[in-house]
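S.K.: So that we are looking at the same thing, I have put the structure below in structure tokens.
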Amino acid sequence: MVLGGATSSWAGTTVTAKTTDDNPGGYATFLHNGNTFKVTDMQKDGLRASGYIKFNGKTHRLDDANGAKTLSSAGSVTRHYSMKEGTYVQIRVCLRDGANGRARFCSAWKSALA
234 MVLGGATSSW
244 AGTTVTAKTT
254 DDNPGGYATF
264 LHNGNTFKVT
274 DMQKDGLRAS
284 GYIKFNGKTH
294 RLDDANGAKT
304 LSSAGSVTRH
314 YSMKEGTYVQ
324 IRVCLRDGAN
334 GRARFCSAWK
344 SALA
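Quick note on this note's numbering: the sequence shown kicks off at 234 and runs consecutively.
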């Protein structure tokens with residue numbers, strides 16, 4: 234008999250999603266420790282990385298539009314969320330041309346527990 238089911242494998246882990254373009258140009262990461270959501274625009278290509286985090290029935294968007302010059306996460310945008318331990322969380326990242334541009338190269342939704 235297995236207790237805890239599939240969700241227990243998500244607890245306490247870092248979950249990362251990346252855009253589907255060939256480089257990729259954007260990353261979104263949820264860190265269980267501190268309930269931190271980080272979005273990184275990896276390329277100076279005129280597109281922004283738009284990260285989405287869903288929990289408690291709401292979706293939040295966080296953008297990084299700085300076009301990292303060094304292909305590093307040094308210029309990431311980070312937000313901490315207040316949520317109960319064990320909250321089901323989903324993240325995704327897309328690239329956009331401007332704040333209201335069409336979302337493209339979107340990752341699949343990735344799941345974790347806070």
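Heads up, the beta-carbon is just placed ideally off N, CA and C, and yes, glycines get one too.
Going by DSSP in three states, Lys-251 sits in which element: helix, strand or coil?
M.R.: Counted from its first residue, the sequence shown places residue 251 at position 18. Looking at Lys-251 - three-state DSSP - the assignment turns out to be strand.
S.K.: For Asn-299, tell me which candidate among Thr-320, Asp-255, Gln-323, Thr-273 has the shortest Cα-Cα distance.
M.R.: Taking the first residue of the sequence shown as 1, we reach residue 299 at position 66. Comparing Cα-Cα distances from Asn-299 to each of Thr-320, Asp-255, Gln-323, Thr-273, the minimum goes to Thr-273.
S.K.: So, for Thr-240: in the same chain, excluding its five sequence neighbours on each side, which residues have a beta-carbon less than 7 Å away from its beta-carbon?
M.R.: Mapped onto the sequence shown, residue 240 falls at position 7. Confidence is the limiting factor: at Thr-240 the pLDDT is only 44, short of 50, which leaves the residue's position unreliable, though a coordinate-based value still follows. Taken in chain order, the residues that qualify are Leu-346.
S.K.: Please classify Ala-282: does DSSP put it in a helix, a strand, or coil?
M.R.: Along the sequence shown, one-based indexing puts residue 282 at 49. The answer is strand: DSSP assigns Ala-282 an E or B state.
S.K.: Consult DSSP for Lys-317 and reduce its assignment to one of helix, strand or coil.
M.R.: Residue numbering aside, residue 317 sits at position 84 when the sequence shown is read from its first letter. Of the three classes helix, strand and coil, the one that applies to Lys-317 here is coil, per DSSP.
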